[in-house]
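Visitor: Here you go, one structure.
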Amino acid sequence: QGKIDANAMGFEPGQQIIDASGVLCPECDPIGDLESHISGGALERRFKKKPQEITDEKVWAELAKWLALGLNNTIVHWSPDVVILGGPMIWGKPAINIEHVRFHLKNILKIFPEPPPLLIAEHKELGGFYGALELLRQNLRALG
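In this text, residue positions in the sequence shown follow my numbering: the first is 197, and each later residue adds one.
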């Protein structure tokens with residue numbers, strides 16, 4: 197409905213556990229959360245180089261699968277109309293290929309007839325700032 201969702205403590209989909217045993221990615225953080233698999237910091241720790249220095253397509257293809265798995269869980273829990281992805285792992289060079297994510301998500305997400313559209317955030321580094329401004333605008337409007 198054009199409003200930021202209300203919540204009790206915030207949303208942290210990156211903290212969802214996707215590899216509890218650590219078997220699927222032994223070199224990832226032992227917690228097994230999505231962030232420890234696909235974040236820039238996680239890649240730096242795992243490969244000892246910055247994400248933009250990683251040119252192996254197999255690495256980026258694997259990240260698309262991990263992201264699709266996490267998005268599946270997020271979509272099943274929240275049933276959003278659209279999913280907007282941002283951050284340097286999405287719009288950087290190289291980056292997680294959103295078409296690959298869409299492909300994997302379509303094959304993983306079976307409970308709904310179609311996954312919601314996946315879009316890339318338009319404001320890049322300023323996305324959080326624009327989100328904060330929108331939340332402020334909505335709260336001021338609610339006050340009258």
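Every residue, glycine too, gets a C-beta built ideally from N, C-alpha and C.
Report buried or exposed for residue 306, applying the criterion of at least 16 other Cβ atoms within 10 angstroms of its Cβ.
Guide: On the sequence shown, residue 306 is found 110 positions in, with the first residue counted as 1. Exposed: under 16 other Cβ atoms inside 10 Å.
Visitor: Could you check which residue in 298, 210, 293, 229 has the C-alpha nearest to that of residue 313?
Guide: Within the sequence shown, numbered from 1, the residue matching residue 313 stands at position 117. The option with the nearest alpha carbon to residue 313 is 298.
Visitor: Would you mind sorting residue 262 into buried or exposed? The rule is 16 or more other CB atoms within 10 Å of its CB.
Guide: Stepping through the sequence shown from its first residue, residue 262 is reached at position 66. Buried is the call here.
Visitor: With a floor of 3 residues, list each beta strand (DSSP E) that falls wholly inside the region 254-290, ordered by position along the chain.
Guide: Counting whole runs of 3 or more residues, the region 254-290 contains the beta strand (DSSP E) stretches 279-281.
Visitor: Since residue 257 contacts residue 301 with CB under 8 Å, what's their CB separation in whole angstroms?
Guide: Working through the sequence shown from its first residue, we reach residue 257 at position 61. Working through the sequence shown from its first residue, we reach residue 301 at position 105. Not quite, the Cβ-Cβ distance comes to about 14 Å (not below 8 Å), so this is no contact.
Visitor: Taking the alpha-carbon of residue 266 as reference, which of 214, 289, 222 has the nearest alpha-carbon?
Guide: Here residue 266 refers to the residue found at position 70 when the sequence shown is read from its first residue. Of the listed residues, the one whose Cα sits closest to residue 266 is 214.
Visitor: Got a sec, what are the start and stop residues for the beta strand (DSSP E) residue 315 sits in?
Guide: As a first step, residue 315 is located in the sequence shown; it is residue number 119 there, counting from the start. Residue 315 -> beta strand (DSSP E) spans 314-316.
Visitor: Classify residue 217 as buried or exposed, calling it buried when 16 or more other Cβ atoms lie within 10 Å of its own Cβ.
Guide: Walking along the sequence shown from the start, residue 217 turns up at place 21. Exposed.
Visitor: Quick check on the burial criterion: 16 or more other C-beta atoms within 10 angstroms. Buried or exposed for residue 235?
Guide: As a position in the sequence shown, residue 235 is number 39, starting the count at 1. Per the 10 Å Cβ criterion, buried.
Visitor: What does DSSP give as the partner residue(s) for residue 213 in the beta ladder?
Guide: Numbered from 1 along the sequence shown, position 17 holds the residue referred to as residue 213. Answer is 229.
Visitor: Do you know how far the Cα of residue 259 is from the Cα of residue 289?
Guide: The residue given as residue 289 occupies position 93 in the sequence shown. The residue given as residue 259 occupies position 63 in the sequence shown. Per the coordinates, the alpha-carbon of residue 289 lies some 14 Å from the alpha-carbon of residue 259.
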